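Input: a single structure, listed below in structure tokens.
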Amino acid sequence: MVKVLKPKGQIKRIDGFKAEPAKAPEKKVEFDQREESLRTLSQFFLGEMDLKMRMRQMSLATGKEPQEWVATLEILKDNVIKTEHPDLKLKMYQGMVDLLAKVGQKEDLFVIQQIIARYNLKSFKDIGFERVEVDVAKDACPVCKKMAGKKFRIDEAMETMPIPCHDCSTEVDAVKGYCRCRYYAVF
Ligand SMILES: [Zn+2]
Ligand SMILES: [Zn+2]
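Numbering (the numbering used here), first residue to last: 427 to 613.
Next up, the structure:
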């Protein structure tokens with residue numbers, strides 16, 4: 427007979443540790459960051475246990491309890507490196523972007539949007555395309571609308587990074603500047 431460790435027991439043990447470090451949220455976050463973190467993780471078959479483990483590791487390393495969304499981002503960063511599957515990688519980056527929008531981290535959000543744009547450009551280039559065209563959201567802001575239909579050589583776009591648009595004014599959740607412009611390959 428095989429004995430199986432029950433997850434419940436493990437969760438309780440880790441909860442015991444949690445009593446010590448005082449939780450001091452640095453800034454007001456008006457959504458339920460725990461719920462949002464778990465919702466993000468669940469898209470990738472990750473869950474409460476992964477979050478608790480990571481928070482514990484981070485607490486030990488830094489001496490203070492991380493916010494849940496910060497730990498969630500760290501988990502995703504690790505997984506995005508590990509996964510070989512291009513679609514899953516992109517989905518993880520997008521999950522990070524959505525979470526960053528919720529917490530209002532504009533700079534990080536922009537950086538990850540750039541990673542996504544670069545990744546798309548590279549994928550097109552790898553399969554032999556030379557040019558891309560920008561597609562904008564129907565309800566895009568004026569800055570983004572100006573990009574509609576613009577064509578770039580992939581090499582040029584990789585250098586100048588026209589999207590995500592720097593001065594985008596679209597508000598999504600707690601972030602102003604959530605550019606939703608996308609590249610399409612030009613045949
Ligand atoms: Zn844009
Ligand atoms: Zn915009």
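Yeah, the Cβ is synthetic: ideal placement off N, Cα and C, and Gly gets one too. Nothing here was measured: the structure is a model prediction, and the numbers come from that model.
So the alpha helix (DSSP H) residue i belongs to, where does it begin and stop?
i           : result
residue 510 : Run containing residue 510: none; DSSP gives neither H nor E here.
residue 493 : That residue, residue 493, is in no alpha helix (DSSP H); it is neither H nor E in DSSP.
residue 472 : Segment: none, residue 472 is in no alpha helix (DSSP H) and carries neither H nor E.
residue 600 : Note, residue 600: premise wrong, no alpha helix (DSSP H); not H, not E.
residue 571 : 568 to 571
residue 552 : 532 to 552
Apply the 10 Å Cβ neighbour rule to residue i and answer buried if 16 or more other Cβ atoms are within range, or exposed otherwise.
i           : result
residue 604 : buried
residue 536 : buried
residue 533 : exposed
residue 510 : exposed
residue 613 : exposed
residue 461 : exposed
residue 457 : exposed
residue 491 : buried
Comparing alpha-carbon positions, which option in the options lies nearest residue i?
i           : options               : result
residue 538 : 582, 556 and 590      : 590
residue 552 : 609, 484, 588 and 580 : 580
residue 596 : 541, 530 and 585      : 530
residue 608 : 586, 593, 543 and 502 : 543
residue 606 : 569, 585, 612 and 600 : 569
residue 550 : 562, 566, 567 and 584 : 584
residue 586 : 566, 610, 547 and 602 : 547
residue 459 : 520, 494 and 519      : 494
residue 505 : 600, 521, 491 and 601 : 521
residue 557 : 598, 582 and 567      : 582
residue 563 : 540, 545, 594 and 555 : 594
residue 578 : 599, 489 and 555      : 555
Just to confirm the assignment, what range does the beta strand (DSSP E) spanning residue i have?
i           : result
residue 579 : 577 to 579
residue 372 : One cannot answer for residue 372 here, as it falls past the ends of the chain, which runs 427 to 613.
residue 377 : Within the shown structure, residues of the chain are numbered from 427 to 613, placing residue 377 beyond reach of any answer.
Should residue i be listed as close to ligand 3, given that the test is whether its C-beta is under 7 Å from any heavy atom?
i           : result
residue 560 : Ligand 3 is absent from the structure shown, which contains only ligand 1 and ligand 2.
Taking 8 Å as the threshold (C-beta atoms), are residue j and residue i in contact?
i           : j           : result
residue 476 : residue 467 : yes
residue 610 : residue 561 : yes
| query | Are the region 515 to 530 and the region 556 to 574 touching, with three or more C-beta to C-beta distances below 8 Å? | reply | Touching, no, given that fewer than three Cβ pairs across the two stretches are closer than 8 Å.
| request: Please confirm if the region 509 to 520 is in contact with the region 474 to 481, defined as three or more CB-CB distances below 8 Å between the two stretches. | output: no
| query | Does the count of Cβ pairs from the region 459 to 475 and the region 491 to 509 closer than 8 Å reach three? | reply | yes
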